[in-house]
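**Q** Would you mind keeping the following structure in view while I ask a few things?
Number of protein chains: 4
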Amino acid sequence: MAGSTFGTLFRVTTAGESHGPGNVVIVDGCPSGLELSEADLSVDLERRRPGQSKVVTQRQESDVPEILSGVFGGKTTGAPIAVLIRNADAKSKDYGNLESVYRPGHADYTLDARFGFRDHRGGGRSSARETTARVAAGAIAKKLLSALFGTDVVGYVVQIGDLRAAIHGPVRLEDVESLPDGSPNIVRCPDHALVPKMIDLIQAMRKAQDSIGGVAEVTARAVPAGLGEPVFDKLKADLAKALFSLPAVLGVEYGIGFDCARLRGSENNDLMYPDVSAAHALPRRAGAPAVHFASNRHGGMLGGISSGEPIVLRAAVKPTSSLPRAQPTIDSAGREAEVQTKGRHDPCLLPRFVPMAEAMVALVLADHALRARAARL
Amino acid sequence: MAGSTFGTLFRVTTAGESHGPGNVVIVDGCPSGLELSEADLSVDLERRRPGQSKVVTQRQESDVPEILSGVFGGKTTGAPIAVLIRNADAKSKDYGNLESVYRPGHADYTLDARFGFRDHRGGGRSSARETTARVAAGAIAKKLLSALFGTDVVGYVVQIGDLRAAIHGPVRLEDVESLPDGSPNIVRCPDHALVPKMIDLIQAMRKAQDSIGGVAEVTARAVPAGLGEPVFDKLKADLAKALFSLPAVLGVEYGIGFDCARLRGSENNDLMYPDVSAAHALPRRAGAPAVHFASNRHGGMLGGISSGEPIVLRAAVKPTSSLPRAQPTIDSAGREAEVQTKGRHDPCLLPRFVPMAEAMVALVLADHALRARAARL
Amino acid sequence: MAGSTFGTLFRVTTAGESHGPGNVVIVDGCPSGLELSEADLSVDLERRRPGQSKVVTQRQESDVPEILSGVFGGKTTGAPIAVLIRNADAKSKDYGNLESVYRPGHADYTLDARFGFRDHRGGGRSSARETTARVAAGAIAKKLLSALFGTDVVGYVVQIGDLRAAIHGPVRLEDVESLPDGSPNIVRCPDHALVPKMIDLIQAMRKAQDSIGGVAEVTARAVPAGLGEPVFDKLKADLAKALFSLPAVLGVEYGIGFDCARLRGSENNDLMYPDVSAAHALPRRAGAPAVHFASNRHGGMLGGISSGEPIVLRAAVKPTSSLPRAQPTIDSAGREAEVQTKGRHDPCLLPRFVPMAEAMVALVLADHALRARAARL
Amino acid sequence: MAGSTFGTLFRVTTAGESHGPGNVVIVDGCPSGLELSEADLSVDLERRRPGQSKVVTQRQESDVPEILSGVFGGKTTGAPIAVLIRNADAKSKDYGNLESVYRPGHADYTLDARFGFRDHRGGGRSSARETTARVAAGAIAKKLLSALFGTDVVGYVVQIGDLRAAIHGPVRLEDVESLPDGSPNIVRCPDHALVPKMIDLIQAMRKAQDSIGGVAEVTARAVPAGLGEPVFDKLKADLAKALFSLPAVLGVEYGIGFDCARLRGSENNDLMYPDVSAAHALPRRAGAPAVHFASNRHGGMLGGISSGEPIVLRAAVKPTSSLPRAQPTIDSAGREAEVQTKGRHDPCLLPRFVPMAEAMVALVLADHALRARAARL
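Protein chains in written order, with my numbering: chain A, 1 to 377; chain B, 378 to 754; chain C, 755 to 1131; chain D, 1132 to 1508.
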């Protein structure tokens, strides 16, 4: 379907369905010499893994990645890196009743309109299971960014239903993954006081045979100024494409986001001051200045090019469409039908959405980091 | 800078700066046999044109397009269509003082970080002037979509500052362009009762040497079900990239958008019912059903593929960064400086943003319409 | 290395090395509804397989393909098709002595110049082993072309050393694969009288610790007129890229090829006459004529677009660079060295080159077949 | 027609027809800071220009380029560079009789099969006139390559009809452009003794209302080792695509070319020796060796990656298909017809083919030079 490849120089191609043998990703364009092993991929795969806690789907997948190429002696060779993650706990019979029924909120009807044919088992290619491939690729992108610039990409939940987190200061990965007592932060919200309420809300949804939406935020720090292209391939454009390519995303905003509509220019402009202490990883011309921004309403990009300030974006994620309760719908013959999804589903997508969103941000930044190298004599 | 091309099969490449000789666009991949003349391009160029009313910049450009290729005997030949729009009223001396100063909110600093070099006159390549090329290309895409499916793409202003429009029912182009008395709707808001207040607000901003943000909405009707790819090239992903590639956009959302975060799945799912009256332009397999959606919180796409419902999106546009008042900033040597932009600028970007946003939506839909043709045996 | 993807709409991405776990290919863009199974892939993989006869390398690989995605119920779904072919008989220790030595005629030195790093085992990514992935993908392309147009792609050997075949009339696959007595045609030359001499020549080369070059021809019949783009993506341009992307190819020509340099226009032009019997698979406008060409010096393409005549091309393949005899060379420290390749190699590449060349031709034709669908209203 | 863009990072998009207003090229991705003016483009445009001598077409075009963007203060800015070259001497009435007739050897029939529609004036998009845009872009690529590595790309004629040049040692541009007495070398053959015979042959063809084919060679010196990708985007693959994308090319070969078929590996391998004097422009890892090749049968590329040796390729160019004499053919209704081309045509394409071929080689090398920058940590 020509649409399974993402990126220009750091280029990712994926294949795989929810209930097929597995998911594959080929990462082409990763520079040679980067240390890489399967353990590097497992960290984020584990954070994305179904069955990781009581607030997510109970499908059990070990999601063990196998690197098939591109690594030799513990380092990337410059050749494409293929990773295979086999499916283990695909229960296709749970989906047998869906062969001819279109589930509300899913791609069943639209896939059929597109291809005249579909693999109905677990959503097929449109299942969020394909994001295993992205998360594996994103882990490679993160390693590359870290090696190039010390860049740090961290995502976290800032809203579930009407529960909105208060975020103060930079969020660290440990704030996302653990609570102060060291126990796992299973909703991935760094506002720890809100965590128990969020868990209760998700559990209430599960009991009510319902689901709930939310908002995740991703911050990328130590992104050098100068990444992004001035017109179509603005960094904000490619990041938005990346985020919206994830299932269930209905909105994306940067920095102050939709609130910019209410502001005056004099209130919104982020002012620049000299900053002799700034360290930027991209080469600058002789005499080029370091800058300090007094604020970051712009979300780390100006004119679509990174400013050196942290990149900050938020994505709105709709409530899971699959519901254990009966919903009216139609079947593929156009007749009225009823659907009740027996598959194992997340009552709230947000906790597992976090590593997916981080991965997509990392893929875009890695691509633009390589693209920026070609821009000057 | 490899980033001036957009689209896969309906592919647009642009060049040009604010104060150079002109802007050029090459539209490659338009099918043969489409009736096309320069007059077709002028309608939207006129809607985008500076100097069109008192609420926009007073730069005077006639923006007359010249078709240089790809049309013969009044029809497209299948060859690339090149369009040239010369700049006339470029007052570079207004920008002489900006040679070494970075304007707040602009790409001056980031372009320098990217290329080590910039054309400081009017923002150079990062000026919104480059969107003339997009609007010309978008007019071709609109003609193609209309010929293929009868698709209709209409944009309009739904918010300026705290003034929010109430939109009831489908918005027609005439509601956007004209007031009930036939006079021009210079803010392009279809909530006509709000128009005078919006004009007053913009004029007040101009007097205060300030600017104001807002939100535009674009609706595309008669888009057949089945456009878009299931993974990276989701229609919502490509549309978002298109919108965020325009200057000053800080947020994009579809259908219910960020409000989905507060909803339950049972509240958010749009239910499907049989609809024998629906007419869809894309071929369907024998026996494929027509569908009626009871609601359109999904904004016309499910799983990233069009559902046949109208595509509805909103973009948040920040207040114009250029201000006639003095603002503190730095210069390219890193010294403190002050900047006061003498160039002619829009006190509110929204009225002229509307045709730009329509153009980008049309380009994406035209591309995916051609892509969908290849998807089946 | 961003260079592992081929094609625009029928798009192939490969990964894998000679001595890694295996080779993978993702075929993205294959239309839905095509019947496909692993057995379809095995036919050509078997023709490409090492160890298939006494005139090829004695490396033993079963080359069993596993389809990981994109096929459901025996048909393609429109989702990307991933195929994995594991390596079995990789004898890396045979290459241990090559860790620091650059083999003459190989990419050892140039890969090092490119990546500063290489997987020296069996040539790594530059080994012809990566063509397993292409042959698997090519088999899918052949099935698609056959389903769309009844297209038939057949390759064969026309020269080894100074032995040149006489080809009379269309060559059938059975002429390439079998001798009149039903025994396998292990050199794949349809001039059966020449076959024993070719076998003797190759065996003599093996005994002499040497190798020999040759020429292969590929013919594609039942390619409809109208495939290819007029400028950069001419069909002849994309086919040439495809052929030259195979290892060891030093020349490609179409139809009369290099002999055209000696001819006059009046001798070279292929004249057209009306042909009411021609059947063309691509849609033609009402009243468009069918044509009969009196000759095919043009090799099936005019202006880079297929003419409906058979596409005929030839590729010159150099003698295998790996030799069992000692050759002087340098090592990666720049010192004089000597190399003697102990790995198992083909004394003549041509017999196994044939399915690789067919695969590349099929990939290009499938891509352009899909592209041509988008060209008209 | 999506096929008017060439290159990945140094990316060229063209538009224009033989008898339309003009030809346009957008060069996207040229690094910032390169000195560039219209005079830089005119040198090669002049070498390509019709009417330059008695052995070429007498169409009179001044081919003056106008740079529309991407250059500021005499240097490239990193923004796309648009160049417009207007058509002046288009005599469309000469082509009036061709409206419904398919010329033998031309794309008339195949374009119609592709698009169902064509601009019959002078071949429309398939005319060699579109190569003005390529030559302008190629001149920019040459400047970039010269600035990066001191690379030198020179093309020349090595065969016309049965007249084959003897080439000894490196060919300099002055050998191609001038004879020893300083007069112009109008056939661009560096074997000066053969020049009068070639001129006589071409003039004889013109008198006989006929045309003649030939072979051109292009040599690129000072190309650093390490350009090209190991699999699909081999340098030899991209160069071949580039050459075959030019009109009338029926064969391309590198180094020893088709003669490799007759050789043994022990005769064909080019041996490597240490070379402490070599200077390579690409960064090498610490301790990486410099190499001296004893011969260059490989044509400057091994495994598809440049070796540092000169890149040497030859292209076979067919005799001009347009003939002033009457030729039988068919018309677009499929009836027998006769055609006699009154337009002004080259009796031999080779002299003007030389700058076109150089341009395409330069475009590919510039693209891969930028691509190689991204390959390592």
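For glycine and all other residues, C-beta sits at the position ideal for the given N, C-alpha and C.
Who are the neighbours of residue 727 (chain B) on chain E, taking C-beta pairs under 7 Å?
**A** Although the question refers to chain E, the structure presented lacks it and instead comprises the protein chains A, B, C and D.
**Q** When DSSP builds the beta bridges, which residues end up paired with residue 348 (chain A)?
**A** Bridge partners of residue 348 (chain A): A:212.
**Q** Could you tell me the distance, in whole angstroms, from the CA atom of residue 1019 (chain C) to the CA atom of residue 984 (chain C)?
**A** 21 Å
**Q** What residues from chain D crowd round residue 377 (chain A), counting only those whose CB sits closer than 9 Å?
**A** Residues of chain D passing the Cβ test: 1162, 1163, 1164, 1165, 1207, 1275, 1278, 1279.
**Q** Nearest to residue 176 (chain A) by alpha carbon, out of A:190, A:168, A:183, A:165?
**A** A:190
**Q** Is it true that the CB of residue 812 (chain C) sits closer than 8 Å to the CB of residue 1098 (chain C)?
**A** yes
**Q** Which residues in chain B have a C-beta closer than 7 Å to the C-beta of residue 236 (chain A)? List them in chain order.
**A** 621
**Q** Go ahead and pull the three-state DSSP assignment for residue 1456 (chain D).
**A** coil
**Q** Excluding the 5 residues preceding and the 5 following residue 659 (chain B) in the sequence, name in chain order all residues of the same chain whose CB lies nearer than 6 Å to its CB.
**A** Any answer about residue 659 (chain B) is weak, because its pLDDT of 49 lies below 50 and its placement is not dependable; what the coordinates show is given next. For residue 659 (chain B), where only same-chain residues beyond five positions count, the Cβ hits under 6 Å are 601, 603.
**Q** According to DSSP, is residue 400 (chain B) part of a helix, a strand, or is it coil?
**A** strand
**Q** Answer with buried or exposed for residue 527 (chain B), where buried requires no fewer than 16 other C-beta atoms within 10 angstroms of its C-beta.
**A** Its Cβ having fewer than 16 others within 10 Å, residue 527 (chain B) is exposed.
**Q** Any idea if residue 1131 (chain D) is buried or exposed, counting beta-carbon neighbours within 10 angstroms, 16 or more meaning buried?
**A** Here chain D covers residues 1132 to 1508 and nothing more, so residue 1131 (chain D) does not appear.
**Q** Within 8 Å of any Cβ in chain B, is that where the Cβ of residue 1213 (chain D) sits?
**A** yes
**Q** From C:1096, C:1062, C:910, C:997, pick the residue whose C-alpha is nearest to that of residue 927 (chain C); which is it?
**A** C:910
**Q** For residue 182 (chain A), go through chain B and note every residue whose CB falls closer than 7 Å to its CB, in chain order.
**A** Neighbours of residue 182 (chain A) on chain B: none; closest Cβ ~29 Å, over 7 Å.
**Q** On the CB-based measure, 16 or more other CB atoms within 10 Å of its CB, does residue 437 (chain B) come out buried or exposed?
**A** exposed
**Q** Kindly give me the distance between the Cβ atoms of residue 1001 (chain C) and residue 1113 (chain C), rounded to whole angstroms, as I take these residues to be in contact under 8 Å.
**A** With a Cβ gap of about 13 Å, residue 1001 (chain C) and residue 1113 (chain C) do not count as contacting.
**Q** Could you pull the DSSP bridge partners for residue 713 (chain B) from this structure?
**A** Beta-bridge pairing links residue 713 (chain B) to B:707.
**Q** Indicate whether the contact test is met: 3 or more Cβ pairs, each with one atom in the stretch 1321-1335 of chain D and one in the stretch 1421-1429 of chain D, closer than 8 Å.
**A** The answer is no - the stretch 1421-1429 of chain D does not touch the stretch 1321-1335 of chain D, with fewer than three Cβ pairs under 8 Å.
**Q** Does DSSP classify residue 992 (chain C) as helix, strand or coil?
**A** helix
**Q** 8 Å is my cut-off, CB to CB: does residue 610 (chain B) come that close to chain D?
**A** no
**Q** Name the two residues that bound the continuous alpha helix (DSSP H) containing residue 81 (chain A).
**A** Per DSSP, residue 81 (chain A) lies in no alpha helix (DSSP H) segment; the continuous beta strand (DSSP E) that holds it begins and ends at 81-86.
**Q** Drop a sphere of 10 angstroms on the beta-carbon of residue 597 (chain B), count the other beta-carbons inside from all chains shown, and report buried for 16 or more, exposed for fewer.
**A** buried
**Q** Quick one, which of D:1298, D:1148, D:1137 has its alpha-carbon nearest residue 1543 (chain D)'s?
**A** What the structure shows of chain D is the stretch from 1132 to 1508, and residue 1543 (chain D) is not part of that stretch, so it cannot be assessed.
**Q** Can at least three beta-carbon pairs, one atom from the stretch 117-126 of chain A and one from the stretch 6-22 of chain A, be found at a separation below 8 Å?
**A** yes
**Q** For residue 1311 (chain D) and residue 989 (chain C), I'd like the C-alpha separation in whole angstroms.
**A** 41 Å
**Q** Quick one: measure Cβ to Cβ for residue 361 (chain A) and residue 153 (chain A), integer angstroms, because I've assumed they're closer than 8 Å.
**A** 5 Å
**Q** Can you tell me the Cα-Cα spacing of residue 805 (chain C) and residue 894 (chain C), whole angstroms?
**A** 24 Å
**Q** Please report whether the beta-carbon of residue 1487 (chain D) lies at a distance below 8 Å from any beta-carbon of chain C.
**A** No, residue 1487 (chain D) lies away from the interface with chain C (no Cβ there is under 8 Å from its Cβ).
**Q** On a Cα-Cα basis, can you pick out the residue from C:791, C:1123, C:764 that is closest to residue 822 (chain C)?
**A** C:791
**Q** Put residue 1233 (chain D) into one of helix, strand or coil per three-state DSSP.
**A** Note: residue 1233 (chain D) maps to coil in three-state DSSP.
**Q** Which same chain residues end up closer than 7 Å to residue 884 (chain C) when comparing Cβ atoms and leaving out the 5 residues on each side of it in sequence?
**A** 768, 770, 777
**Q** Cβ of residue 447 (chain B) less than 8 Å from any chain D Cβ?
**A** yes
**Q** Ordered along the chain, which non-local residues of its own chain (more than five positions away) have a Cβ less than 7 Å from that of residue 1077 (chain C)?
**A** 963, 964, 965, 1095
**Q** By how many angstroms is the C-alpha of residue 886 (chain C) removed from the C-alpha of residue 728 (chain C)?
**A** Outside the displayed range of chain C (755 to 1131) lies residue 728 (chain C), so it cannot be described from this structure.
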